[in-house]
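To keep things clear, I will list the structure first and then write my remarks on it.
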Amino acid sequence: MMRIATYNVNGVNGRLPVLLRWLEETSPDIACLQELKAPQEKFPEQAIKDAGYQAIWHGQKSWNGVAILSKHEALVERGRVLPGDPEDLHSRYIEASIGDLIIGCLYLPNGNPAPGPKLEYKLGWMERFRKHAAELYAGGKPVILTGDFNVIPTENDVYKPERWVDDALFRPEVRAAFQKIMKQGWTDALRKIYPDETIYTFWDYFRNAYGRNAGLRIDHFLLSPAVDKRLRGAGVDRDVRGWEKTSDHGPVWIEID
DNA sequence: ATGCCGTGGAAACCACGA
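Going from the first sequence to this note's numbering is simple: count from 1 and add 530.
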C-alpha cells in the first residue's frame, strides 16, 4: 500500500514546522505541495531532506510555487510548466515519474475577482490543462493529477452554495470546465470513496470557519483508470487544519495498491 | 455581505488569497 497526499501549505517556510510534523505523523510516500510562496533558492531543501524526502520544486517570488516530495522511490521530473502558453510565468504545475506512476501537481488559478481578467486567465489555464490531461489519459499509464484546483465541483462541496454562485470557484462556466476534464474519464477519488458525505479540504481563517465546518472541497485527486482500479482509500487530515500556525487547507490523501 | 486572517515583500503599507 502506498499513500499519496496533496497539501496547499500557504507558505512553505512560514509553514515549515507544521509541514514537518505532518510528514512525520502521516508519513506519505509521495506529497504534492502548493503555494510555496518562496523563490526557487528559498525552498527548505535540507529540512525536507532531513525529514526523509527527496524533492523537486518550481518556486516563485511571493506567490504560487509547487513541489513533489518522494520518500522511497526516485523522482524523475517530466516538466515544470503547463504546456500551451510560453508567456505564462506562474509556477503552478510540476510533473514527475515516480516508479510506474505519473504525478501531476497543480495549483490552478483562483480567478477572483470575477468576472474579469483573472477569471479569463483561470479558464484559459483550465483549457490548457484539459488538453494536457487528455494526452496523459490517452497514454494509458497510471496517472494522478492532484493539487489545489480552486474548483468547487458541486453544491455538495460547499457549506452554503447560494453564497458562492458568482464566485470564480463555483461559477457555472468554471464548473463546466472542470466537468469537461472529468468527462475524459478521470475518477474523483474522494467522491468515489465518500459518495454522499460532506467532505471539505479548505476552511477560511476567519469567522471561525473551521469550528463551524464552513468549508469547501477544492483540493482533488484525479485518477486515470490504471490508478482507479488500485484505489483502496482516501481522506482529509482534518485535524491538521486545527493546529497552531496552520494552512487554511487541510492535507488530502489517497491509498493505492 | 464582508478578506473579518494570514503570508510575503517591501517599506511601516500593499498584493494576494478563496
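The C-beta atom is built at its ideal place from N, Cα and C for all residues, glycine as well.
Problem - Stretch pair the segment 686 to 695 + the segment 647 to 660: three plus CB contacts closer than 8 Å - result: no
Problem - Residues of its chain near Leu752, where Cβ-Cβ distance is below 6 Å and the 5 sequence neighbours each way are ignored - result: Leu675 and Trp716
Problem - Environment of Trp800 [buried if 16+ CB atoms lie within 10 Å] - result: Residue 800 falls outside the range modelled here, since the chain spans only 531 to 787, and no answer is possible.
Practice task
Could you pull out every unbroken beta strand (DSSP E) segment of at least 3 residues lying fully inside the segment 626 to 679, listed in chain order?
Solution key: 631 to 637 and 673 to 678
Handout entry: Residue from Lys671, Val770, Val782 and Ile586 with nearest C-alpha to Pro547
Key = Val770
Practice task
Have a look at Asn738 and Leu550 and give me their C-alpha separation to the nearest angstrom.
Solution key: 25 Å
Practice task
Note down, in chain order, each residue of its chain lying with its Cβ closer than 6 Å to the Cβ of Val766, except the 5 sequence neighbours on either side.
Solution key: Thr731, Gly780 and Val782
Handout entry: N-terminal and C-terminal residue of the alpha helix (DSSP H) that Arg721 is part of
Key = Ala719 to Ile723
Practice task
Go ahead and pull the three-state DSSP assignment for Ala568.
Solution key: coil
Problem - Endpoints, the beta strand (DSSP E) within which Glu785 is located - result: Val782 to Ile786
Exercise for the section: Determine the burial state of Gln709: buried for a count of at least 16 other Cβ atoms within 10 Å of its Cβ, exposed for fewer. Expected result: exposed
Practice task
Return yes when the Cβ of Val539 is within less than 8 Å of the Cβ of Glu575, no when it is not.
Solution key: no
Practice task
Identify which residue in Lys601, Ile624, Asp749 and Lys671 has its Cα closest to the Cα of Ile682.
Solution key: Asp749
Problem - Status (buried if at least 16 other CB within 10 Å, exposed otherwise) for Val596 - result: buried
Handout entry: Limits of the unbroken beta strand (DSSP E) element including Glu607
Key = Leu605 to Gly609
Practice task
Check each candidate in Ser557, Asn543, Trp552 and Ile786 and name the one with the smallest Cα separation from Phe573.
Solution key: Asn543
Problem - Contact check, Ala644 vs Gln714, beta carbons under 8 Å - result: no
Handout entry: Coil, strand or helix - Val539 by DSSP
Key = coil
Practice task
Determine the direct distance from the alpha carbon of Ala706 to that of Asp580, and round the result to whole angstroms.
Solution key: 43 Å
Exercise for the section: Note the first and the last residue of the continuous beta strand (DSSP E) segment covering Phe700. Expected result: Where Phe700 is concerned, there is no enclosing beta strand (DSSP E), given that its DSSP letter is neither H nor E.
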